[in-house]
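Trainee: Residue numbers (the numbering used here): 599 to 724. Ideal Cβ positions, reconstructed from N, Cα and C, are used throughout, including at glycine.
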Amino acid sequence: MDLHATPWPGQRGGAFLGGGRLEDFWGGQPYRLRFRGWGIWWLWAPGVGPWETGLRCDDFRSEYLPVDDPTRERHWTLGVNWQPATVLRIQLNYVRKTTSRAAEPDPADDLLVLHLQAGLSAALPR
């Protein structure tokens, strides 16, 4: 389920919620995975040029059956977007990760990520 809102000019947010079950074979052994997760996010455009800031929190839980091996991950993301042209966006995000198991992604492995997105607006020849 996804929800989106734009309550005030220059601001937008949303939330998502979902889950499921996966059954498969790995190394000749059957395994089952149950998972569920949720997240909320909010973006602000302060009105100072093509800048936008954002905050996101998401939570993911998974469990392998019949081993009963639950794992919980939570991520907090703080980011800044700059869009100098309609076909170019540069994003800088800091992600703080926590997990319930030390064997899963190392809790000390927080991320600083730089994204570059470019789009083509020209019509393609037929």
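Mind checking which residues open and close the beta strand (DSSP E) that includes residue 640?
Mentor: Numbered from its first residue, the sequence shown carries residue 640 at position 42. Note, residue 640: beta strand (DSSP E), 627-642.
Trainee: Let me know if residue 650 comes out buried or exposed under the rule of 16 or more other beta-carbons within 10 Å of its beta-carbon.
Mentor: As a position in the sequence shown, residue 650 is number 52, starting the count at 1. Residue 650 comes out buried.
Trainee: So for residue 718, helix, strand or coil by DSSP?
Mentor: Within the sequence shown, the letter at position 120 stands for residue 718. It is coil, neither helix nor strand.
Trainee: Quick one: what's residue 645 bridged to in DSSP?
Mentor: Numbered from its first residue, the sequence shown carries residue 645 at position 47. Note: residue 645 sits in no beta bridge, so no partner.
Trainee: Measuring CA to CA, which of 602, 670, 680 is closest to residue 690?
Mentor: Numbered from its first residue, the sequence shown carries residue 690 at position 92. The shortest Cα separation from residue 690 among 602, 670, 680 belongs to 680.
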